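Number 46 in my numbering belongs to position 56 of the sequence shown; there are no gaps in the numbering.
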Amino acid sequence: MVEIGGFINEKGDFEDEYLSYMVDVSSTIVGSALGVSTIATFIESSSRIREGGRMGITTIMFGLYFMLSLFFTPLFASVPPWAIGHSLVMARVMMIKVVKDIEWVNVKEGVPTFIAMLLMPLIEWNYWGNRGLRGSKFA
């Protein structure tokens, strides 16, 4: 998200990088302990940044639209899995674009990325791929 938002400095880092990772991991742990659904940062959030939304107003609007979509859940559930497979493939293609920017010789960056890239297609769930990435970064 920081790359899309333009917050990366000349060394490839961003301000309070470690703190932001700790907040992401901590919110996932606390959310899981409280029984809340998965709390994570995904590539879908980049659409808000790309369209110019840098404040919380875009997040509030997305939340309202998600609440509105609850009424359409039966309609969405009637769509067969093979009909949405194309969009999942496109999401993976968008995620793979940043692979060229990864420093594969740097073990701290290359190994966690490889683990995440391996887990996501094998278990077919981005959540565990992202958790593998976060967990291996701090290991």
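Glycine is no exception: its CB is placed at the ideal position from the N, C-alpha and C atoms.
Note that this is a predicted model, so its numbers are computed, not measured.
Review point. Does DSSP put Gly42 in a helix, a strand or coil?
Key: Residue numbering aside, residue 42 sits at position 52 when the sequence shown is read from its first letter. Here Gly42 sits in coil by DSSP.
Review point. CB-CB under 6 Å to Thr103, same chain, minus the five flanking residues each way: which ones, in chain order?
Key: For the purposes of this step, residue 103 is identified with residue 113 of the sequence shown, where counting begins at 1. Cβ within range, chain order: Ile92.
Point to revise | Terminal residues of the alpha helix (DSSP H) in which Ser68 lies | key: The count along the sequence shown starts at 1 and reaches residue 68 at position 78. Per DSSP, Ser68 belongs to no alpha helix (DSSP H) and is neither H nor E.
Practice item. Could you tell me whether any non-hydrogen atom of the ligand FMN is closer than 8 Å to the CB of Ser68? Key: The ligand FMN is absent from the structure shown, which contains no ligands of any kind.
Review point. Taking DSSP as the reference, what is the three-state secondary structure of Glu7?
Key: For this step, residue 7 is matched to residue 17 along the sequence shown. Residue state, collapsed to three classes: helix.
**Study point:** Three-state class that DSSP yields for Ile92 in the structure shown
**Key:** Mapped onto the sequence shown, residue 92 falls at position 102. Reduced to three states, the DSSP call for Ile92 is coil.
Exercise for review: Express the C-alpha separation of Leu24 and Leu58 in angstroms, rounding to a whole number.
Suggested key: Against the sequence shown, residue 58 aligns to sequence position 68. Against the sequence shown, residue 24 aligns to sequence position 34. So the two alpha carbons sit approximately 24 Å from each other.
**Study point:** Whether Val79 touches Met107 by CB criterion (9 Å)
**Key:** Against the sequence shown, residue 79 aligns to sequence position 89. Against the sequence shown, residue 107 aligns to sequence position 117. Taking 9 Å as the Cβ cut-off, Val79 and Met107 do not qualify as a contacting pair.
Exercise for review: Assign Ile86 to one of three DSSP states: helix, strand, or coil.
Suggested key: By one-based count along the sequence shown, residue 86 stands at place 96. The answer is helix: DSSP assigns Ile86 an H, G or I state.
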